[in-house]
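Participant: Structure incoming, see below.
In this note's numbering, the protein residues as written are -10 to 206.
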């Protein structure tokens, strides 16, 4: 195996600078393809599931709010009866349950001011990885806009982070993001290999928040 590697490196050293560049680009493409298949797909699936669940809860919240508002109050009808009062109470309980579940879904949503700190800490834990760029992206609503300020809305807040290191270091960094207790996810990665074995990776990282106010980096 060592002999084979020695032969491969010997052939690589014998290539011209232009030929070496093409080889490195090819390696970067293969690495990106492998990372995309093994790591990116589960993240996108997780995001899709969470967004669908929160959207469903939000829609249920809106429907029940409308039903409660549409039911006449006992004092507004000529002959209020027990079934009417029970209906109002049942709807109110159901609405309270959905609001509680929405609140529970918000647990571990990272505070705006902590996003950059957490991402930098993850870099600091990798001795063979260094941070070279970090910028915030505009908030994107994941749940439709509404004129009703009482309606819960959900926003995706993104950060573009650029790091340099080995393939293993970048892999460990992505795993650290995935295993974080905070609801932080990565959804894109752009890889460049200009100086082998170092890789420059630009990552698209995001979290979810009920507020559209976000950090400015």
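Note that beta-carbon positions come from the ideal geometry of N, C-alpha and C, so glycine has one too.
Does the Cβ-Cβ distance between residue 197 and residue 98 come in under 8 Å?
Facilitator: Yes, these two residues count as a Cβ contact at 8 Å.
Participant: If you run the structure through DSSP and keep just helix, strand and coil, what is residue 114?
Facilitator: Residue 114: coil per DSSP, three-state reduction.
Participant: Spatial neighbours of residue 193 within its chain, please: C-beta separation below 7 Å, excluding the five flanking residues on both sides.
Facilitator: Here the set comprises 147, 149, 175, 176, 177.
Participant: Is the CB-CB distance between residue 183 and residue 155 below 8 Å?
Facilitator: Not a contact, by the Cβ cut-off of 8 Å.
Participant: Looking at the secondary structure, which residues open and close the alpha helix (DSSP H) in which residue 159 lies?
Facilitator: Run containing residue 159: 156 to 167, per the alpha helix (DSSP H) assignment.
Participant: Starting from residue 171, trace the beta strand (DSSP E) both ways and give me its first and last residue.
Facilitator: Run containing residue 171: none; DSSP gives neither H nor E here.
Participant: Under three-state DSSP, which class holds residue 179?
Facilitator: Three-state DSSP puts residue 179 in a strand.
Participant: Would you grab the beta carbon distance between residue 274 and residue 53 for me? Rounded to a whole angstrom, and I think it's under 8 Å.
Facilitator: Shown here, the chain extends from -10 to 206; a query on residue 274 therefore has no answer.
Participant: Note the first and the last residue of the continuous beta strand (DSSP E) segment covering residue 188.
Facilitator: That run of the beta strand (DSSP E) goes 187 to 198.
Participant: Can residue 145 and residue 163 be called in contact, C-beta distance under 8 Å?
Facilitator: Not in contact: residue 145 and residue 163 (Cβ atoms no closer than 8 Å).
Participant: Between residue 80 and residue 56, is the Cβ-Cβ spacing less than 8 Å?
Facilitator: Cβ distance < 8 Å, so residue 80 and residue 56 count as in contact.
Participant: Determine which residues share a DSSP beta bridge with residue 82 and list them.
Facilitator: According to DSSP, which records beta bridges pairwise, residue 82 is partnered with nothing at all.
Participant: DSSP three-state call for residue 99: helix, strand or coil?
Facilitator: Residue 99: coil per DSSP, three-state reduction.
Participant: Quick one: measure Cβ to Cβ for residue 213 and residue 105, integer angstroms, because I've assumed they're closer than 8 Å.
Facilitator: An answer regarding residue 213 cannot be provided, because it is not within the stretch -10 to 206 covered by the chain.
Participant: Exposed or buried, residue 121, counting other C-beta atoms within 10 Å across all chains shown (16 or more means buried)?
Facilitator: Exposed, since its Cβ has fewer than 16 Cβ neighbours within 10 Å.
Participant: Bridge partners of residue 150, per DSSP?
Facilitator: 123, 192, per the DSSP bridge assignment.
Participant: So, using beta-carbon positions, are residue 189 and residue 151 closer together than 8 Å?
Facilitator: Cβ atoms of residue 189 and residue 151: closer than 8 Å.
Participant: Could you work out which residue in 78, 181, 100 is closest to residue 170 when comparing CA atoms only?
Facilitator: When each option's Cα is compared against that of residue 170, the closest is 100.
Participant: When the Cα atoms are used, what is the spatial distance from residue 166 to residue 86?
Facilitator: When rounded, the distance between both Cα atoms is 31 Å.
Participant: Which one or two residues does DSSP pair with residue 184 in a beta bridge?
Facilitator: Beta-bridge pairing links residue 184 to 187.
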